[in-house]
Amino acid sequence: MTSKILLHLGLARRAGKLSWREDDNLAAIRAGRARLLVLAYDAGPATAKRYRDKCRTFTVPLLSYATSAELGWAAGLSPRPALVLLDDGFASRLRELAREEGLNHLGT
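Per my numbering, residue -1 is the first one in the sequence shown, and the count goes up by one each step.
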């Protein structure tokens, strides 16, 4: 069964409220446009550290969820280590879904 979180990420992509390229993700975080970063469990150590550090510096909530292949599939892309939600509504709903699935670790 496909997770509601993954389906929600696909909706955000179709609505134009999702960033998936690393440079765009980091630029959105620095510019204050990022509302939530979803980081793949299997993201490389350097990639994970870069995103965690940026999220901590710019106070962007971070959710570790799924594999990079699953995140890419959800957004209709090749495997992606990180996706950034750019909309408050989508980010809020995704945090809600994460709590429903028992995922309490939404750190910054």
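We treat Cβ as the ideally placed atom computed from N, Cα and C, and that holds for glycine.
Nothing here was measured: the structure is a model prediction, and the numbers come from that model.
Going straight from the alpha carbon of residue i to that of residue j, what length do you get?
i: Ser76; j: Thr55; result: 28 Å
i: Ala10; j: Thr0; result: 16 Å
i: Ala44; j: Arg50; result: 10 Å
i: Leu81; j: Gly100; result: 20 Å
i: Trp71; j: Arg78; result: 9 Å
i: Arg31; j: Ser66; result: 22 Å
i: Asp86; j: Asp21; result: 21 Å
Within its chain, find whatever has a CB closer than 8 Å to the CB of residue i; leave out the 5 residues flanking it on each side and keep chain order.
i: Arg48; result: Leu24
i: Leu4; result: Ala64, Glu68, Leu69, Trp71, Ala72
i: Gly42; result: Pro79
Since residue i and residue j are thought to touch, with beta carbons under 8 Å apart, how far apart are those beta carbons, to the nearest angstrom?
i: Ala73; j: Gly8; result: 6 Å
i: Leu83; j: Arg19; result: At roughly 14 Å, the Cβ-Cβ gap does not stay under 8 Å, so Leu83 and Arg19 are not in contact.
i: Leu35; j: Leu60; result: 5 Å
Could you name the residues of the same chain whose beta carbon sits closer than 6 Å to that of residue i, not counting the 5 residues immediately before and after it, in chain order?
i: Ile27; result: Lys52, Phe56, Val58
i: Phe88; result: Ala10, Lys15
For residue i, which residues of its own chain have a beta-carbon under 7 Å away from its beta-carbon, when the five flanking residues on both sides are left out?
i: Glu94; result: none
i: Lys2; result: Leu95
>> Quick check on the DSSP output: what are the complete alpha helix (DSSP H) runs of length 4 or more inside the stretch 69 to 103, in order along the chain?
In response: 86 to 98
> Whole alpha helix (DSSP H) runs in the stretch 15 to 77 with 4 or more residues, listed along the chain?
Replying inline: 20 to 29, 43 to 55, 66 to 72
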